[in-house]
Amino acid sequence: MGIERVGFIGLGIMGAPMAANLVKAGFAVTVWNRSPSRTQQLLASGAKGADSPSAVAAASQVTLSCVTNSGDVAEVALGPNGVIEGAAAGSTYIDCSTISPEMARKVAAALAKRGVDMLDAPVSGGDIGANAGTLAIMVGGEAAVFERCLPVLEAMGRTIVHVGPSGAGQVVKLCNQVAGGLNLLAAAEAINLSRRAGVDPAKMLEVVGAGAAASWMLSNLAPRAVNGDYAPGFMVDLMQKDLRLVLDAANDTHTPLPGTALVSQLFQSIQAEGRGTDGTQSLVDAIAKLAR
Ligand SMILES: NC(=O)c1ccc[n+]([C@@H]2O[C@H](COP(=O)([O-])OP(=O)(O)OC[C@H]3O[C@@H](n4cnc5c(N)ncnc54)[C@H](OP(=O)(O)O)[C@@H]3O)[C@@H](O)[C@H]2O)c1
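If you count the sequence shown from 1, you need to add 53 to reach the numbering used here.
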């Protein structure tokens, strides 16, 4: 039997558009969000509401989540009224949050005891990719489960790669945050030099973004900072959560990551100003402050 009934837990900046794309793709979608107001738009577009993560899982062949951190996934998956209480044997849980590889493996092991498969499937592409259905999705878990769930993932993403066993998706996501953070720092430094040397940074981005130094950060996020738009596609507080996971993994594996540590300290200075809920494009201001 193909997958028809899909559930989604956590309708934030990422989860809401991801769930909306599942509705658009024709799945029967059941949703739950901790703050009920965030479900309104999805209910209006044809999703059904449920009153707990366990009720979502009970209604679904595949249940997805996109919440904040490791503890939050533990809560919605394994806590009271969690996925584990409602999911039938033979169903699948896919977590798209960015969490520690250890927690992904722990949740997978707990669900396996009930005959429920799990994939860790963190995503990259920001709010833009979530809305457009063009996310990059890095998936850990059993290959056969990945193959079975591919139609669900394809409704939300464009590049979907099975990268290894349980937890491997989260390891790759941490690598993504290393590269993304350093690309953003490169954009922040280029914008500040351009400004201070008297060249319109928008013009600089237009041409540099089309050359050998091109990056998603330069083309998509840096223009927001240049336009004074600090609304979050991805909040600084969440980036710092991810960079802590990266630096924990670096410690565990004795992998020196000096650039990533620097990026994290610069974000610290944005948080110190009380701007942790700004978007990560505010890294441009952390560099600007150094020249004041
Ligand atoms: N934004 C991006 O560009 C981006 C890109 C890739 C990956 N991610 C990752 O995707 C995940 C979600 O990010 P986001 O930007 O969508 O964040 P967000 O807008 O803050 O949304 C977080 C969602 O998780 C829910 N939640 C958090 N803790 C919970 C708990 N203990 N129990 C139940 N629900 C809980 C929130 O519910 P409430 O509405 O009740 O607060 C909200 O629906 C994070 O792991 C993030 O690192 C984000």
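Backbone N, C-alpha and C fix where the C-beta goes; we use that ideal spot for every residue, glycine too.
Straight-line gap, residue i to residue j (C-alpha atoms, nearest Å)
i, j, result
"Thr92", "Arg249", "45 angstroms"
"Gly60", "Ala110", "7 angstroms"
"Gly194", "Leu172", "5 angstroms"
"Ser107", "Lys256", "51 angstroms"
"Asp282", "Glu259", "17 angstroms"
"Gln318", "Ala81", "44 angstroms"
"Asn7", "Val176", "With the chain running from 54 to 345 in the structure shown, residue 7 is simply not present."
"Lys77", "Met71", "10 angstroms"
"Ala141", "Asp305", "36 angstroms"
Beta-carbon gap between residue i and residue j smaller than 8 angstroms
i, j, result
"Ile56", "Thr116", "no"
"Gly179", "Phe287", "yes"
"Leu336", "Leu237", "yes"
"Leu300", "Ala314", "yes"
"Ile137", "Ala127", "no"
"Gln223", "Leu274", "no"
"Leu298", "Leu227", "yes"
"Val362", "Arg328", "Lying before the first or after the last residue shown, residue 362 is absent from the chain, which here runs from 54 to 345."
Residue i Cβ short of 7 angstroms to ligand 1 heavy atom set
i, result
"Asn245", "no"
"Met67", "yes"
"Ser150", "yes"
"Gly143", "no"
"Val176", "yes"
"Leu291", "yes"
"Val160", "no"
"Thr121", "yes"
"Asn86", "yes"
"Glu57", "no"
"Phe320", "no"
Burial state of residue i, where buried means 16 or more other Cβ atoms lie within 10 Å
i, result
"Ser88", "exposed"
"Val169", "buried"
"Ala325", "exposed"
"Asp104", "exposed"
"Gly186", "buried"
"Pro347", "Since the first residue shown for the chain is 54 and the last is 345, residue 347 is missing from the structure and cannot be characterised."
Along the chain, which unbroken stretches of the alpha helix (DSSP H) at least 4 residues long are found entirely within the region 147 to 218? Every alpha helix (DSSP H) of 4 residues or more that sits fully in the region 147 to 218 is shown, in chain order, as 154 to 165, 179 to 185 and 196 to 207.
**Report entry** Secondary structure, beta strand (DSSP E): runs of 3+ residues fully inside the region 122 to 148
**Finding:** 145 to 148
- Query: Can you give, in chain order, each stretch of the beta strand (DSSP E) that sits fully within the region 54 to 78 and has at least 3 residues?
  - Reply: 58 to 62
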